[in-house]
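K.L.:
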Amino acid sequence: MLRIIVGVRDRDSLRRAVPMVRRIFVVLRPRSGEPMDQSGQSESDRGQEPVSHGTNHQATDADWSRFRRQMPVAERWAYFDHAAVAPLPAPAVGAIRLWVESASCNGVTEWSQWQESLSAVRQLASEWLNVSSREIALVRNTTEGIGLIAEGFPWEAGDNVVTLASEFPSNLYPWQNLASRGVETRLVPTDLEQVDLNRLESACDERTRLVSVSWVGYATGFRLDLAQVAEIAHRRGARLFVDAIQGAGVWPLDLQRVPVDFLAFDGHKWMLGPEGAGVLFIREEQLTRLRPLNVGWNSVKTAGDFSQQGVRLKDSAARYEGGTMPVPGFVGLAASWRLLQEYGVERLSSRLKQVTDQLVERLNRETPACVVSCRQSPHFSGIVSCDVPGGCSQRLREYCRERQVVVNCRGGRLRLSPHVYTNLADIDRIVEILRDFPFQRRRDSDHDNKSGCSGCS
Ligand SMILES: Cc1ncc(COP(=O)(O)O)c(C=O)c1O
Numbered sequence: 022m023l024r025i026i027v028g029v030r031d032r033d034s035l036r037r038a039v040p041m042v043r044r045i046f047v048v049l050r051p052r053s054g055e056p057m058d059q060s061g062q063s064e065s066d067r068g069q070e071p072v073s074h075g076t077n078h079q080a081t082d083a084d085w086s087r088f089r090r091q092m093p094v095a096e097r098w099a100y101f102d103h104a105a106v107a108p109l110p111a112p113a114v115g116a117i118r119l120w121v122e123s124a125s126c127n128g129v130t131e132w133s134q135w136q137e138s139l140s141a142v143r144q145l146a147s148e149w150l151n152v153s154s155r156e157i158a159l160v161r162n163t164t165e166g167i168g169l170i171a172e173g174f175p176w177e178a179g180d181n182v183v184t185l186a187s188e189f190p191s192n193l194y195p196w197q198n199l200a201s202r203g204v205e206t207r208l209v210p211t212d213l214e215q216v217d218l219n220r221l222e223s224a225c226d227e228r229t230r231l232v233s234v235s236w237v238g239y240a241t242g243f244r245l246d247l248a249q250v251a252e253i254a255h256r257r258g259a260r261l262f263v264d265a266i267q268g269a270g271v272w273p274l275d276l277q278r279v280p281v282d283f284l285a286f287d288g289h290k291w292m293l294g295p296e297g298a299g300v301l302f303i304r305e306e307q308l309t310r311l312r313p314l315n316v317g318w319n320s321v322k323t324a325g326d327f328s329q330q331g332v333r334l335k336d337s338a339a340r341y342e343g344g345t346m347p348v349p350g351f352v353g354l355a356a357s358w359r360l361l362q363e364y365g366v367e368r369l370s371s372r373l374k375q376v377t378d379q380l381v382e383r384l385n386r387e388t389p390a391c392v393v394s395c396r397q398s399p400h401f402s403g404i405v406s407c408d409v410p411g412g413c414s415q416r417l418r419e420y421c422r423e424r425q426v427v428v429n430c431r432g433g434r435l436r437l438s439p440h441v442y443t444n445l446a447d448i449d450r451i452v453e454i455l456r457d458f459p460f461q462r463r464r465d466s467d468h469d470n471k472s473g474c475s476g477c478s
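Quick note on my numbering: the sequence shown kicks off at 22 and runs consecutively.
This is the structure we're talking about:
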């Protein structure tokens with residue numbers, strides 16, 4: 022529970038963090054611990070370098086503890102479900118509260134300040150992906166981004182799109198929905214644990230116009246080498262679409278080096294943003310090949326001038342933004358993203374690798390769980406999927422929740438998705454639960470031979 026104190030401290034840093042704020046100031050105080058200011062920092066955090074800059078630029082344990090203090094959820098829960106819906110960090114909570122107050126007290130008079138959060142997210146996305154902000158459209162979610170490409174792509178009857186059978190439905194249905202336009206969707210079978218790129222290539226032919234894959238598989242956490250997938254797609258004369266939601270924010274991705282054509286993600290998982298605020302990347306040269314969709318007042322160069330009657334679309338990907346955006350979502354996402362940016366994606370990724378390595382090692386050694394996620398470089402991710410005796414059950418999820426541990430089941434397996442602020446005490450809690458839980462059925466292969474755990478060939 023958060024106690025809200027209204028104060029007037031640190032006005033300038035508040036303005037910088039949340040540009041729309043003029044007259045409203047909120048101090049967040051967690052249930053226990055130190056008070057935090059409007060940017061979510063505690064007394065002891067203020068005035069310190071946010072992340073230590075030692076010789077090897079590694080963040081220290083103190084840096085990660087400081088990150089953890091920005092996560093109110095950690096007060097109560099050991100949270101292993103960032104691959105579903107992430108909890109909000111204090112800076113995002115503060116920023117959204119300020120937006121609520123601003124919208125309530127001042128209405129449209131502060132509208133232009135709210136728009137600055139949209140620009141901030143566009144800028145943060147272009148920096149993370151190393152692309153032009155002209156190639157970024159803001160969307161409500163990953164599904165919307167996929168749909169804009171699926172429906173706008175210049176298909177001809179007889180074309181096909183190649184994707185993986187293990188994809189999340191949002192990366193299947195929009196393609197399958199093209200059947201009525203004569204476009205075939207080819208599903209490449211995958212072993213649950215890994216993706217065989219030879220099979221992907223074999224599924225492509227001269228009518229393959231697009232390959233669509235998730236960067237990180239939502240069930241097993243297998244992270245694809247996107248440079249290799251792009252090479253295959255382009256060699257076959259196809260374009261590449263990437264659903265990046267299960268990797269965005271915590272793994273580096275430089276689209277100058279990796280020639281992905283289209284990419285979409287929402288911020289509510291690894292980016293620690295609220296639901297309903299996402300990003301679509303469209304490579305500049307693809308923009309004019311797509312049929313513009315969702316065209317509205319905000320798609321045109323003269324957006325805001327309602328007397329205009331001709332459609333002169335923006336030259337940038339923002340032409341897809343059509344109408345009013347879900348502003349509070351982007352206000353929150355901008356704040357969460359700035360928190361991640363303070364640490365930097367290199368530190369975040371090496372920390373998440375460290376956390377998941379510790380988790381995998383403890384699960385395999387001390388519990389009946391057998392980790393199946395591929396842990397080899399570059400395929401590891403933040404998702405740790407395990408076989409448990411009898412399969413992952415609703416009962417197990419509830420048992421964990423009753424003990425303030427949040428986990429999920431996917432594909433009959435237990436899916437654990439920690440984050441950079443997860444600590445050893447959290448790992449102790451899930452390990453203890455899995456040691457104690459009365460699993461119903463024990464298959465021999467579940468326990469007796471754990472040599473296949475965390476395996477991939
Ligand atoms: C791989 C993948 N793609 C897409 C989605 C859905 O994303 P959104 O709700 O942003 O459309 C999910 C959600 O779990 C997912 O795991």
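Backbone N, C-alpha and C define an ideal beta-carbon position, used for all residues, glycine too.
Within 10 angstroms of the Cβ of R278, are there 16 or more other Cβ atoms? Answer buried if so, exposed if not.
P.N.:
Exposed, because fewer than 16 other Cβ atoms sit within 10 Å of the Cβ of R278.
K.L.:
Within the 8 Å Cβ cut-off, does F262 reach chain C?
P.N.:
Note that chain C does not occur in the displayed structure, where there is just one protein chain.
K.L.:
For ligand 1, which residues count as neighbours when the test is a C-beta closer than 6 Å to any heavy atom?
P.N.:
In chain order, the hits are N162, T163, T164, F189, S191, N192, S235, Y239, D264, I266, Q267, D287, G299.
K.L.:
So for P51, helix, strand or coil by DSSP?
P.N.:
For P51, the pLDDT reaches just 38, beneath the cut-off of 50, and the residue's location in the model is therefore unreliable, although a value from the coordinates is still provided. In the structure shown, P51 sits in coil (DSSP, three-state: anything other than H, G, I, E or B).
K.L.:
So the candidates are R312, P347, G258; which of them puts its Cα closest to the Cα of G297?
P.N.:
Residue P347 is the option with its Cα nearest to G297.
K.L.:
Hey, G353 and L109: beta-carbon distance below 8 Å or not?
P.N.:
Yes. Within cutoff.
K.L.:
Could you check which residue in D226, P195, G317, L284 has the C-alpha nearest to that of V237?
P.N.:
The option with the nearest alpha carbon to V237 is L284.
K.L.:
Would you grab the beta carbon distance between V381 and V405 for me? Rounded to a whole angstrom, and I think it's under 8 Å.
P.N.:
Yes, V381 and V405 are in contact; Cβ-Cβ is about 6 Å, under 8 Å.
K.L.:
Given a cut-off of 8 Å on the beta-carbon distance, is the pair S4 and P112 in contact?
P.N.:
A question about residue 4 goes unanswered here, because the residues of the chain that appear run from 22 up to 478.
K.L.:
If you count every other CB in all the chains shown that lies within 10 Å of the CB of V393, and 16 or more means buried, which is it?
P.N.:
That one is buried.
K.L.:
Return yes when at least one heavy atom of ligand 3 lies under 7 Å from the C-beta of V152, else no.
P.N.:
For ligand 3, the structure offers nothing, since it holds only ligand 1.
K.L.:
State the Cα-Cα distance for the pair V441 and K322, rounded to the nearest angstrom.
P.N.:
Going by the C-alpha atoms only, they are around 41 Å apart.
K.L.:
On a Cα-Cα basis, can you pick out the residue from V452, V426, E453 that is closest to W98?
P.N.:
The candidate whose alpha carbon is nearest that of W98 is V426.
K.L.:
Output the boundary residues of the beta strand (DSSP E) element that contains S233.
P.N.:
Per DSSP, S233 belongs to the beta strand (DSSP E) from 229-235.
K.L.:
Specify the secondary structure class of A446 as computed by DSSP and reduced to three states.
P.N.:
Here A446 sits in helix by DSSP.
K.L.:
For the region 334-342 against the region 310-321, are there 3 or more C-beta pairs whose distance is under 8 Å?
P.N.:
Yes, they touch.
K.L.:
Could you tell me the distance, in whole angstroms, from the CA atom of E165 to the CA atom of S191?
P.N.:
The alpha-carbon atoms of E165 and S191 are separated by roughly 9 Å.
K.L.:
Please classify F314: does DSSP put it in a helix, a strand, or coil?
P.N.:
The question names Phe, but residue 314 in the sequence shown is Leu. L314 falls in the coil class under three-state DSSP.
K.L.:
Quick test of the definition: if touching needs 3 or more C-beta pairs under 8 Å, does the region 369-389 touch the region 264-277?
P.N.:
With a cut-off of 8 Å, the region 264-277 and the region 369-389 count as touching, because enough Cβ pairs lie within range.
K.L.:
What three-state label does DSSP hand L145 in the structure shown?
P.N.:
L145: helix per DSSP, three-state reduction.
K.L.:
For R256, is the classification buried or exposed, using 16 other Cβ atoms within 10 angstroms of its Cβ as the cut-off for buried?
P.N.:
With fewer than 16 Cβ atoms within 10 Å of its Cβ, R256 is classed as exposed.
K.L.:
On the premise that K290 lies in contact with A107, defined as a C-beta separation below 8 Å, what is that separation, rounded to the nearest angstrom?
P.N.:
With a Cβ gap of about 6 Å, A107 and K290 count as contacting.
K.L.:
Indicate the three-state DSSP secondary structure (helix, strand or coil) for Q329 in the structure shown.
P.N.:
Q329 falls in the coil class under three-state DSSP.
K.L.:
Applying the 10 Å Cβ sphere with the 16-neighbour rule, what's the burial state of R87?
P.N.:
Looking at its Cβ environment, which holds 16 or more other Cβ atoms inside 10 Å, R87 is buried.
K.L.:
Exposed or buried, S53, counting other C-beta atoms within 10 Å across all chains shown (16 or more means buried)?
P.N.:
Confidence at S53 is low in this model, with a pLDDT of 36, below 50, so its placement is unreliable and no value can be given for it.
K.L.:
How about L4 and A158: are their beta carbons less than 8 Å apart?
P.N.:
Lying before the first or after the last residue shown, residue 4 is absent from the chain, which here runs from 22 to 478.
K.L.:
Grab me the residues of D326's own chain with a C-beta within less than 8 Å of its C-beta, minus the 5 sequence neighbours each way, in chain order.
P.N.:
Excluding positions up to five away in sequence, the list is empty.
K.L.:
Checking 8 Å against the spacing of the C-beta atoms, do T163 and T184 come in under that value?
P.N.:
Not in contact: T163 and T184 (Cβ atoms no closer than 8 Å).
K.L.:
Is the beta carbon of T377 sitting closer than 8 Å to the one on P439?
P.N.:
Cβ distance < 8 Å, so T377 and P439 count as in contact.
K.L.:
Counting C-beta neighbours from all protein chains within 10 Å, is the total for D282 16 or more, i.e. buried, or is it exposed?
P.N.:
Per the 10 Å Cβ criterion, buried.
K.L.:
Could you tell me which whole beta strand (DSSP E) segments of length 3 or greater appear in the region 414-447?
P.N.:
The region 414-447 contains these whole beta strand (DSSP E) runs: 429-431, 434-437.
K.L.:
Based on the DSSP secondary-structure assignment, which residues constitute the bridge partners of V405?
P.N.:
According to DSSP, V405 bridges with L437.
K.L.:
Can you find the residues in the same chain that come closer than 6 Å, C-beta to C-beta, to P349, ignoring five residues on each side of it along the sequence?
P.N.:
Cβ neighbours of P349 beyond the five flanking positions: I117, W120.
K.L.:
Please classify E367: does DSSP put it in a helix, a strand, or coil?
P.N.:
In this structure, E367 counts as helix in the three-state DSSP scheme.
K.L.:
Candidates D102, T229, K335: which alpha carbon is nearest V182's?
P.N.:
Closest by alpha carbon: T229.
K.L.:
By how many angstroms is the C-alpha of I266 removed from the C-alpha of E214?
P.N.:
For E214 and I266, the distance between alpha carbons rounds to 19 Å.
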